[in-house]
Amino acid sequence: MASPTGTTDAPFGRMLTAMVTPFTPDGDVDYGAVRRLATYLVHEQHNDGLIVNGTTGESPTTTDEEKQRILSAVLEAVGDRATVVAGAGTNDTRHSVELARQAARAGAHGLLVVTPYYNKPPQEGLYRHFTAVADATDLPVMLYDIPGRSGVPIKTETLIRLAQHERIVAVKDAKGDLFAGSQVMTATDLAFYSGDDLLNLAWLSLGAAGFVSVVGHVVGAELARMIRLHKSGDVAGALAVHTQVAPVVDGIMLRAGGAIMAKAALSMVGVPAGPVRLPLVDATEQQIAELRACLVAGGVKLTDV
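Residues 1 to 305, numbered by UniProt numbering, are exactly what the sequence shown covers, in order.
Written out as structure tokens, the structure is:
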């Protein structure tokens, strides 16, 4: 299915949030809350794309059936006005291929495929893994380069090689090597998306297409404005937005981790997403207090005060 917001230079849209998966108090997926959250992120937080079943969505702890139902719920809610990208990456190539095919059958607009984690494959293994998943469907693929979680970076020469595949069109970068990313953008047509909210503005300055954000759960509208300002040449305006949302990035990304703190933040703005699943644990009272202060400092309007 064609992306409703993609362009040649931003194939998945520009402002995407890696969406948490709402759970009920007893830990089941809350599909009604999934639809409500997707609608909130698109309508109120100005996301033109959503990543579903990614790490922030606690994909390691959701079943394949749950993933399919979560994706279908998001597509039903916003699939006609936002690009819905399905996480399909695991550390098992055959499983990743099946998840990719499942996402295609459900109607996803694209795939996010993370570097296989824990196995620590060589670069040839990465190349063959990503190629196998890209060959499995007709959907465009965004590679997810995050060596801090996977243990292995996708090296520059491997990215350049992968860019020759017609369906591998983008990279979500959480490696943080700005120079290496710039080299890849110079050598290929791959669209880069900042996958680290700490470096959003820095990636824009190098020509990134947009963001795959976690703090976009509560400041997505501001980040979308940052992108528009920067793309229009108003670098000072983009810097002002960066400065404004910096406390929010601090509160969500530098404390207990993205999914934990994103769910805590959503509760504070009146869009509860329930608890996290083990091995994650919910934010402590101290972490919640610190997060509240960061959100207030960043201008986020809270409803739980």
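Idealized CB from N, CA, C, for every residue including glycine. Note that the coordinates shown come from a computational prediction; the quantities given were computed from them, not determined experimentally.
Taking a cut-off of 8 angstroms for Cβ pairs, the stretch 41 to 53 and the stretch 9 to 28 touch, as three or more such pairs fall below it. Put simply, of 239, 100, 284 the residue whose alpha carbon is nearest the alpha carbon of residue 114 is 100. Secondary structure at residue 13: strand, using DSSP grouped into helix, strand and coil. Secondary structure remark: continuous alpha helix (DSSP H) runs of at least 4 residues inside the stretch 150 to 176, in chain order: 156 to 162. When the beta-carbon positions are compared, residue 210 and residue 14 come within less than 7 angstroms of each other. A Cβ-Cβ separation of about 23 angstroms leaves residue 229 out of contact with residue 269 under the 8 angstroms criterion. Counting other Cβ atoms within 10 Å of its Cβ, residue 281 stays below 16 and is therefore classed as exposed. Across the structure, residue 107 and residue 81 are spaced so that their CA atoms are roughly 14 angstroms apart.
Rounded to the nearest angstrom, the gap between the Cα atoms of residue 58 and residue 208 is 26 angstroms. One thing to note: residue 85 has its Cβ no nearer than 7 angstroms to the Cβ of residue 38. Distance from the CA of residue 10 to the CA of residue 206, rounded to the nearest whole angstrom, comes to 14 angstroms.
Between residue 199 and residue 238 a beta carbon distance of about 13 angstroms is seen, past the 8 angstroms cut, so the two are scored as non-contacting.
Ranked by Cα distance from residue 275, the options 139, 300, 30 are led by 30. Listed in chain order, the non-local C-beta contacts of residue 255 below 6 angstroms within the same chain comprise 261, 287, local neighbours out to five positions each way being set aside.
When only Cα atoms are considered, residue 25 and residue 273 end up about 10 angstroms apart. Residues 73, 74, 76, 77 of the same chain have their beta carbon placed closer than 8 angstroms to that of residue 35, with the five preceding and five following residues left out of the count.
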